[in-house]
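See below for the structure under consideration.
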Amino acid sequence: MQTKANGPAVSGEQVRRYRLAAHHLDRPLPPGSLTEAAGVCGVQNSPPGAWETALFARVAACTPALLRQALEGEKTLLQAWSFRGVPAVFPAAESSVFLSALAARPGEEPWIYTRGVTLALDFLGMEWDQALALVRQAASCLDGCTVQSKEELDRLLAEQAARTLPPQLREKWNAPSMYGRPDRQTVGGAVVSFALRPCSFLGLVVFGARQGSHPAFTSYRRWCGRPLPPDPKAERRLVEKFLHAYGPATRADLAAWLGCSPKQAARLWQTARERMLPVEKEGRAAWMLAADLPHLLQAAPPRQPLVLLGPHDPYLDARDRDLLLADPAGQRKVWRTVANPGVLLRGGQVAALWKPRAARGGMAVAVTPLAELSAAERRQAAAQAERYAQFRGTALTAFTVEEV
Numbered sequence: 001m002q003t004k005a006n007g008p009a010v011s012g013e014q015v016r017r018y019r020l021a022a023h024h025l026d027r028p029l030p031p032g033s034l035t036e037a038a039g040v041c042g043v044q045n046s047p048p049g050a051w052e053t054a055l056f057a058r059v060a061a062c063t064p065a066l067l068r069q070a071l072e073g074e075k076t077l078l079q080a081w082s083f084r085g086v087p088a089v090f091p092a093a094e095s096s097v098f099l100s101a102l103a104a105r106p107g108e109e110p111w112i113y114t115r116g117v118t119l120a121l122d123f124l125g126m127e128w129d130q131a132l133a134l135v136r137q138a139a140s141c142l143d144g145c146t147v148q149s150k151e152e153l154d155r156l157l158a159e160q161a162a163r164t165l166p167p168q169l170r171e172k173w174n175a176p177s178m179y180g181r182p183d184r185q186t187v188g189g190a191v192v193s194f195a196l197r198p199c200s201f202l203g204l205v206v207f208g209a210r211q212g213s214h215p216a217f218t219s220y221r222r223w224c225g226r227p228l229p230p231d232p233k234a235e236r237r238l239v240e241k242f243l244h245a246y247g248p249a250t251r252a253d254l255a256a257w258l259g260c261s262p263k264q265a266a267r268l269w270q271t272a273r274e275r276m277l278p279v280e281k282e283g284r285a286a287w288m289l290a291a292d293l294p295h296l297l298q299a300a301p302p303r304q305p306l307v308l309l310g311p312h313d314p315y316l317d318a319r320d321r322d323l324l325l326a327d328p329a330g331q332r333k334v335w336r337t338v339a340n341p342g343v344l345l346r347g348g349q350v351a352a353l354w355k356p357r358a359a360r361g362g363m364a365v366a367v368t369p370l371a372e373l374s375a376a377e378r379r380q381a382a383a384q385a386e387r388y389a390q391f392r393g394t395a396l397t398a399f400t401v402e403e404v
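Residue numbering for the sequence shown follows this note's numbering, beginning at 1 and increasing consecutively.
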């Protein structure tokens, strides 16, 4: 180990081994460890079902029924819009970390998920703070009801807000939207859609029990039976979770993961600054939690060398993608604008892409290697695909590997 002025130097191999362990991908967690797995850094649920695939990769004997029971029956897990504005699943007991800690203070906006609202605000002649306050007030109605579908949620809250507006502004608010489907959305509905994420951070809206193909929405208070609890340490714990999952990392990495402004990231970073130590990650300065540094320096090879991950798995959220896949062309295949594939990890690096599809009598899985896969690795990948098909309640009817 080489030590320099800015801390110990660590290799990409050490970082990958450490992160695999931090994400519980080096070995499965015991059955029932759902909150432990989801609590590392939250689990994105976009596309729908992504959170189930992620926990399947981390927890032994995991089934969709157990996951649904934890989310909608026991309510030990909660789904709400969280970091980067994505729908995420996390332990309900840590709601303040994944919600209220994300709330920006005055002057810290915009977030990446609200930048497009300016078209509507210019049309209305309204400031963002005014629009957000309007939607927050309207969202209080969710304490008394549950709404089926995102479209219906936008419509209901837009109608609630319109009642408080003067006639001339109300006419503009109810005008056809300049986004997407103007025949199905108003300008006010569009504003609501942009404002739902920051409303989520206040516990004003969370996901309820899904009905068929449509998600359901209500308030945190109605769903959990209590208001969103205050936690003075929530912001620090959020940064600590990020560093535990993605360290060594920088303040800019935190801003990218959260989808927040540099100003907000700088404030949050300082809440955990005293708990960090510097390291040199492949020639660049970065930071690590002091408590995790020994684990980074002594990280052992994973016990399961191959891991099948679904699209948008939390492990893939690190900004230093070159550590996971050096080839830029390969990176463009993994991290797409839409329709990301699943990946096959080998020692923490992306070795192949995979996609399931419905087939007669079950599920077919196609694997596209980005590096040579041995015969033994192909057999291991097929076994994991078969387990995944069983997890989804079907049979693996076809498993194909393209030639490199």
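Note that the Cβ used here is the ideal one computed from N, Cα and C, for glycine as well. These numbers were taken from a predicted model, which means no experiment stands behind them.
Within the segment 174–252, complete alpha helix (DSSP H) segments of at least 4 residues are found at 187–200, 220–224 and 234–246, given in chain order. Where PHE399 is concerned, the enclosing beta strand (DSSP E) starts and stops at 396–401. For LEU373, the three-state secondary structure derived from DSSP is coil. The segment 51–110 contains, as complete beta strand (DSSP E) runs of 3+ residues, the segments 77–81 and 87–91 (chain order). Taking a C-beta distance under 8 Å as the contact criterion, GLU127 and LEU119 do not qualify as a contact pair. Going by C-alpha positions, VAL15 is about 17 Å away from CYS41.
Here the alpha carbon of TRP111 sits roughly 26 Å from the alpha carbon of THR164. If you ignore the 5 residues before and after LEU296, its C-beta comes within less than 8 Å of the C-beta of VAL10, GLN14, VAL15, TYR18, GLY247, PRO248, VAL279 and MET288, all in its own chain and listed in chain order. Counting only residues of its own chain and dropping the five nearest sequence neighbours on each side, PRO356 has a CB closer than 6 Å to the CB of MET363 and VAL365. In the three-state scheme derived from DSSP, where H, G and I count as helix and E and B as strand, GLN349 is classed as strand. The three-state reading of DSSP puts THR337 in coil, since its state is none of H, G, I, E or B. Contact between the segment 21–40 and the segment 59–69 is present, with at least three C-beta pairs closer than 8 Å. Annotation: the continuous alpha helix (DSSP H) that includes ARG155 extends over 150–162.
According to DSSP, LYS355 shares a beta bridge with ALA366. Per DSSP, the unbroken alpha helix (DSSP H) holding PRO262 starts and ends at 262–271. Counting C-beta pairs closer than 8 Å gives fewer than three between the segment 175–185 and the segment 203–210, which falls short of the contact rule. Note on geometry: alpha-carbon atoms of LEU169 and ARG251 lie some 41 Å from one another.
Around the CB of GLY107, fewer than 16 other CB atoms lie within 10 Å, so the residue is classed as exposed. In this structure, LEU306 places its C-beta atom within 8 Å of the C-beta atom of ALA381.
By DSSP's assignment, TRP287 forms a beta bridge with ALA249 and PRO278. For the set PRO294, ARG136, ALA290 and ALA265, the Cα lying nearest the Cα of LEU277 is the one of ALA290. The secondary-structure analysis by DSSP pairs PRO311 with nothing; it has no beta-bridge partner. At least 8 Å separates the beta-carbon of VAL350 from that of PRO341. Taken through DSSP and simplified to helix, strand or coil, GLY361 comes out as coil. When the five nearest sequence neighbours on each side are left out, the beta carbons in the same chain lying within less than 7 Å of the beta carbon of VAL191 are those of VAL117, ALA120, ALA131 and VAL135, in order along the chain. Residue range 7–10 is occupied by the beta strand (DSSP E) that includes ALA9. Fewer than three Cβ pairs drawn from the segment 232–248 and the segment 194–203 lie within less than 8 Å of each other, which leaves the two stretches out of contact.
With respect to the C-alpha of GLN331, the residue from ARG360, ARG226 and LEU370 having the closest C-alpha is LEU370. Inter-residue distance for ARG222 and GLY144 is about 7 Å (C-alpha atoms, whole angstroms). Nearest to LEU258 by C-alpha distance, out of ALA37, VAL97, LEU34 and ALA54, is VAL97. Between ALA101 and ALA138, the C-beta spacing is not below 8 Å. Fewer than three pairs of CB atoms, one per stretch, sit closer than 8 Å, so the segment 223–231 makes no contact with the segment 148–155. In this structure, TYR388 sits away from HIS23, with a CB-CB distance that is not shorter than 8 Å. Check the Cα spacing between THR368 and each of ALA133, GLU403, ARG319 and VAL187: the tightest is with GLU403. Contact between PRO47 and PRO215 fails: their C-beta atoms lie close to 12 Å from each other, not under 8 Å.
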